[in-house]
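Written out below as structure tokens is the structure these notes cover.
Residue numbers (our numbering): 135 to 446.
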């Protein structure tokens, strides 16, 4: 159930729902409330039974809870800031407690800096950290991006995974997007990854197109090359989408040739997919996606997904 507050000041949702804040995410059987337009401040909170998913079941029960809250807003021109908190319980015992910080700032319309930090209070360590900057070097023509990402895996305190040693990972990325015209954009990126010693280099080159000759058509194609730990990979991806009346049609294919460090030979993997979404009414959308994957383990791994979204 969804109840909208008057004058677009927020909403209240009851029932099973996916919830997310900067500190973490999950699925609850419970309540979520969001309040907006409190000056520059926005506040949200959720609480409920934590829904646990297994291979064929999903359930919630007394003692398993998930709570969270966030507060944020725009306090300076071009600025956004959010602080968040998440707590998870199993059989009444706290098994995860996280805090998060998100911030971004535009500078004179020529640059943007952003930060996303997640800290695990139970393990007293940074779980994820992302800092980046975009520079609009030639407005409307060239955008340069630089990012640093750090990850240190942490787990719920009641899982066996907490007994295993983990290693940190970090990567640095540089990317350039060159807008040739309203129809075509070229992009390329280089990423250096470090697995606490072993390293890997990843290069990607691609093009995005929305040709005016075919209204509603979009095409994206890219080449990927990876060298280093834990193996080498070369591949490509092509996808297209087409908006027709109230429907959006999409299809794509990807192909990779890879060799793991533990392998003597090369292997390939392919994926083919098609998808469609259609708005039957203003408050109802149907979606379907079909895909087939061919890998070393599976000659055909076919799967499909269909859903109907009803907005109240």
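All C-beta atoms in this analysis are idealised placements derived from N, C-alpha and C, irrespective of residue type, glycine included.
Cutting at 6 Å between CB atoms, please list the residues of its own chain near residue i, excluding the five before and the five after it.
| i | result |
| --- | --- |
| residue 337 | 324, 359 |
| residue 409 | 384, 423 |
| residue 229 | 222, 290, 291, 292 |
| residue 263 | 251, 284 |
| residue 275 | 313 |
| residue 215 | 206, 237 |
| residue 219 | 157, 203, 233 |
| residue 169 | 144, 177 |
| residue 318 | 343 |
| residue 146 | 137, 167 |
| residue 339 | 322, 357 |
| residue 443 | 419 |
| residue 393 | 365, 366, 400 |
| residue 245 | 269 |
| residue 371 | 356, 388 |
| residue 247 | 239, 267 |
| residue 391 | 368, 400, 402 |
| residue 445 | 417 |
| residue 296 | 289 |
Quick check: what's the CA-CA separation for residue i versus residue j?
| i | j | result |
| --- | --- | --- |
| residue 302 | residue 284 | 7 Å |
| residue 212 | residue 237 | 11 Å |
| residue 266 | residue 304 | 13 Å |
| residue 280 | residue 199 | 38 Å |
| residue 406 | residue 369 | 14 Å |
| residue 333 | residue 347 | 44 Å |
| residue 254 | residue 144 | 29 Å |
| residue 309 | residue 137 | 42 Å |
| residue 291 | residue 251 | 20 Å |
| residue 257 | residue 289 | 9 Å |
| residue 326 | residue 362 | 10 Å |
| residue 249 | residue 367 | 30 Å |
| residue 201 | residue 356 | 41 Å |
| residue 160 | residue 151 | 9 Å |
| residue 395 | residue 329 | 14 Å |
| residue 311 | residue 341 | 9 Å |
| residue 286 | residue 306 | 15 Å |
| residue 440 | residue 412 | 12 Å |
| residue 387 | residue 140 | 46 Å |
| residue 165 | residue 389 | 43 Å |
| residue 270 | residue 191 | 48 Å |
| residue 331 | residue 282 | 17 Å |
| residue 142 | residue 404 | 46 Å |
| residue 294 | residue 189 | 18 Å |
Apart from the five residues just before and just after residue i, which ones in its own chain have a Cβ nearer than 8 Å to its Cβ?
| i | result |
| --- | --- |
| residue 197 | 223, 224, 225, 226 |
| residue 435 | 426, 427, 428, 429 |
| residue 110 | Look at the range of the chain in this structure, 135 to 446, and you will see that residue 110 is not part of it. |
| residue 316 | 344, 346 |
| residue 162 | 150, 151, 153, 180, 181, 182, 183, 184, 185, 194, 200 |
| residue 299 | none |
| residue 438 | 422, 423, 424, 425 |
Could you tell me which residues DSSP puts in a beta bridge with residue i?
| i | result |
| --- | --- |
| residue 379 | Partner(s): none; residue 379 has no beta bridge. |
| residue 228 | 223 |
| residue 372 | 355, 387 |
| residue 281 | 266, 307 |
| residue 396 | According to DSSP, residue 396 bridges with nothing at all. |
| residue 419 | 413, 443 |
| residue 176 | 206 |
| residue 181 | 165, 201 |
| residue 406 | 387, 426 |
| residue 313 | 319 |
| residue 215 | 207, 237 |
| residue 333 | 328 |
| residue 136 | 147 |
| residue 437 | 425 |
Can you tell me which of the options puts its alpha carbon nearest to the alpha carbon of residue i?
| i | options | result |
| --- | --- | --- |
| residue 259 | 232, 218, 292 | 232 |
| residue 208 | 193, 154, 171 | 171 |
| residue 320 | 277, 306, 335, 295 | 277 |
| residue 373 | 352, 391, 187, 364 | 352 |
| residue 261 | 246, 187, 235 | 235 |
| residue 155 | 380, 217, 191 | 217 |
| residue 174 | 210, 188, 189, 148 | 210 |
| residue 273 | 437, 243, 391, 297 | 243 |
What does a CB cutoff of less than 7 Å around residue i pick up in its chain, not counting 5 residues either side in sequence?
| i | result |
| --- | --- |
| residue 414 | 420 |
Report whether the distance from the Cβ of residue i to the nearest heavy atom of the ligand HEM is below 7 Å.
| i | result |
| --- | --- |
| residue 260 | The ligand HEM is absent from the structure shown, which contains no ligands of any kind. |
The segment 388 to 401 touching the segment 413 to 421, judged by at least three CB pairs closer than 8 Å: With contact defined as three or more Cβ pairs closer than 8 Å, the segment 388 to 401 and the segment 413 to 421 are not in contact.
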